[in-house]
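Here's what the structure looks like:
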């Protein structure tokens, strides 16, 4: 199984910001991930790139039969064709010139065999050896993988024009899966945002996720997970159907971009430690299940086939090369994911100029965990986006909410038989009227109104930045949302691809200030902030007390482990010294918050 020569990848970022990243970075051998949540956006981007690269284009209309799956398939095949064409052009360029082929090799990490062979070639005089090395290096070049993300639980059931629910294979997640499965890609499917048994069962209907006669798997499965137990449960569930997990992608619950799926107080180092110590279980527990499946379905599992240990990768808040090196060396990770910093790299991501300006100038206080997502999951956000301004203007005009042009997040049935979105104008007017007629005190009413009006149209607005950046839409017609992680606060400019990758590999001056807190220190603060919100929302029941007591214990254990790490030798540009001071300050906060919780619970019980 061929892996990327790089030990990092660019994860999915929103619906639009990495939608064409494979086209941008794939020819240089860098893996990246596309979101296919918004198939209507996908269709517009396909039309743009077909025109740009002079490829045939036929519109797949919104009401076309199985349109969602077909739009996704068509786009992914288009991306594959463009990456292949561009990569071949790079590959066919000559060595010993300042061109994209030189850039391909110069971007590689130091110490990689390909990089070493390239450096050998550069020092070799003309002759047969140089010719052989040139041919061998060209032959070993590979484009980056065009991976695809599906949010497993964003799985709305769709309806016919007559209002009847459609069968399950036409749900949003299933149709997206079918779109990927029917594409020509040989890459990985990244499943995120929870365990969806119905969707996992549906994977088994597509042969590309199984081994072929040579034992190769064309379409591999990557699970984005937040803890070891969940990883093992999901891995075994898939294995019973003969499906193998190629990679477990571990993400910090809060120190990340997009939706934040917080753990019960488990800090990332504690989670990684458990994965490192129990890693062999991820293959040993599934091996008998895989072999049993092939024995029952295909008369055996050939001895020449090997069930390899799945890759482990990690992402969320990585900001300097030393942190990445610790994750790779001390925690035995196979690769890291760098997301938010690449939002400042126009060669890698598609972000409109005004939004990129916001990111370049963002300070810690400008980045916050918001309640804007209609999913009801905390969402990483930045203040004063085009989306925020647009919603405020509608509220001022007594037209709160969005017309809901796409409806991907329709899930609420509080007022209607068919689900509607909590960011929609329809829902918000109904909910505001309900609040106005309630018996709540005025202060409580205002709090409830703020929650309602705080929801944003992420379906549409997260994709608008890409449409503006590509010149498909005018800025004034497209309010933009973006979902950077807190880490973006420490990057303050626009960077070239080479500058960012040199930063990732630690072969240039750091792009972030020396006083930037270590990623583990920053995560501590984020989790104590989250704990503070939980304590503030608590009513004082015994069950809440038990839950938050456990959260505190997990957090305390994680801080202890971070302090152990702080006593080790730092890797290059790794700010371990920020951990002890942060730990002390956050422990004081935790103690104060727990005292508040105890008082609240005592007041309720008395």
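Numbering (this note's numbering), first residue to last: 196 to 801. For every residue, glycine included, the Cβ atom is placed at its ideal position computed from N, Cα and C. Model, not experiment: these values are computed from the prediction.
On the three-state DSSP scale, how would you describe residue i?
i: residue 552; result: helix
i: residue 660; result: helix
i: residue 405; result: coil
i: residue 753; result: helix
i: residue 470; result: helix
i: residue 530; result: strand
i: residue 446; result: strand
i: residue 435; result: coil
i: residue 308; result: helix
i: residue 210; result: coil
i: residue 336; result: coil
i: residue 461; result: coil
i: residue 516; result: helix
i: residue 201; result: coil
i: residue 773; result: helix
i: residue 674; result: coil
i: residue 793; result: helix
i: residue 507; result: strand
i: residue 454; result: strand
i: residue 196; result: Since pLDDT at residue 196 reaches only 49, below the 50 mark, its modelled position is unreliable, and the value read off the structure follows with that caveat. Note: residue 196 maps to coil in three-state DSSP.
Counting only the same chain and skipping the five closest in sequence on each side, list residues whose C-beta sits under 7 Å from that of residue i.
i: residue 535; result: 452, 679, 680, 682, 683
i: residue 389; result: 347, 348
i: residue 722; result: 449, 460, 462, 750
i: residue 650; result: 567, 569, 617, 618
i: residue 676; result: 580, 582, 651, 653, 656, 657
i: residue 555; result: 539, 687, 688, 689
i: residue 363; result: 369, 393
Can you find the residues in the same chain that come closer than 8 Å, C-beta to C-beta, to residue i, ignoring five residues on each side of it along the sequence?
i: residue 490; result: 496
i: residue 703; result: 694, 697
i: residue 350; result: 366, 367, 368, 369, 391, 393, 394
i: residue 746; result: 459, 460, 726, 729
i: residue 574; result: 453, 454, 455, 564, 565, 566, 567, 568, 653, 678
i: residue 522; result: 467, 509, 513, 528, 531
i: residue 766; result: 516, 517, 518, 520, 521, 524
Report the option in the options whose CA atom is closest to the CA atom of residue i.
i: residue 543; options: 395, 221, 772; result: 221
i: residue 494; options: 647, 742, 437; result: 437
i: residue 467; options: 492, 484, 420, 501; result: 420
i: residue 440; options: 789, 485, 448, 279; result: 485
i: residue 240; options: 743, 662, 703; result: 662
i: residue 281; options: 299, 578, 291; result: 299
i: residue 600; options: 412, 235, 549; result: 235
i: residue 509; options: 203, 341, 242; result: 203
i: residue 538; options: 688, 289, 715; result: 688
i: residue 605; options: 305, 686, 622, 573; result: 622
i: residue 356; options: 322, 329, 260; result: 260
i: residue 443; options: 527, 321, 514; result: 527
i: residue 469; options: 332, 445, 717; result: 445
i: residue 237; options: 507, 371, 362; result: 371
i: residue 503; options: 483, 327, 492, 520; result: 483
i: residue 198; options: 216, 471, 227; result: 227
i: residue 297; options: 224, 423, 667, 498; result: 224
i: residue 671; options: 685, 643, 547, 613; result: 547
Go through its chain and collect everything with a Cβ distance to residue i's Cβ below 6 Å, but skip five positions before and after it.
i: residue 652; result: 597, 618
i: residue 610; result: 625
i: residue 256; result: none
i: residue 410; result: 500
i: residue 196; result: In this predicted model, residue 196 has a pLDDT of only 49, less than 50, meaning its place in the structure is not dependable; the value taken from the coordinates is given anyway. For residue 196, where only same-chain residues beyond five positions count, there are no Cβ hits under 6 Å.
i: residue 303; result: 200, 309, 310
i: residue 377; result: 268
i: residue 821; result: In the structure displayed, the chain extends from 196 to 801; residue 821 sits before or after that span and is not available.
i: residue 229; result: 214, 343
i: residue 578; result: 561
Which term fits residue i, buried or exposed, when burial requires 16 or more other beta carbons within 10 angstroms of its beta carbon?
i: residue 732; result: exposed
i: residue 584; result: exposed
i: residue 755; result: exposed
i: residue 587; result: exposed
i: residue 774; result: buried
i: residue 710; result: exposed
i: residue 708; result: exposed
i: residue 273; result: buried
i: residue 576; result: buried
Using 8 Å for Cβ pairs, my map puts residue i next to residue j. What's the rounded Cβ distance?
i: residue 518; j: residue 698; result: Not confirmed; about 12 Å, so no contact.
i: residue 275; j: residue 380; result: 6 Å
i: residue 540; j: residue 706; result: No, residue 540 and residue 706 are not in contact; Cβ-Cβ is about 11 Å, not under 8 Å.
i: residue 720; j: residue 632; result: No, residue 720 and residue 632 are not in contact; Cβ-Cβ is about 41 Å, not under 8 Å.
i: residue 507; j: residue 474; result: 7 Å
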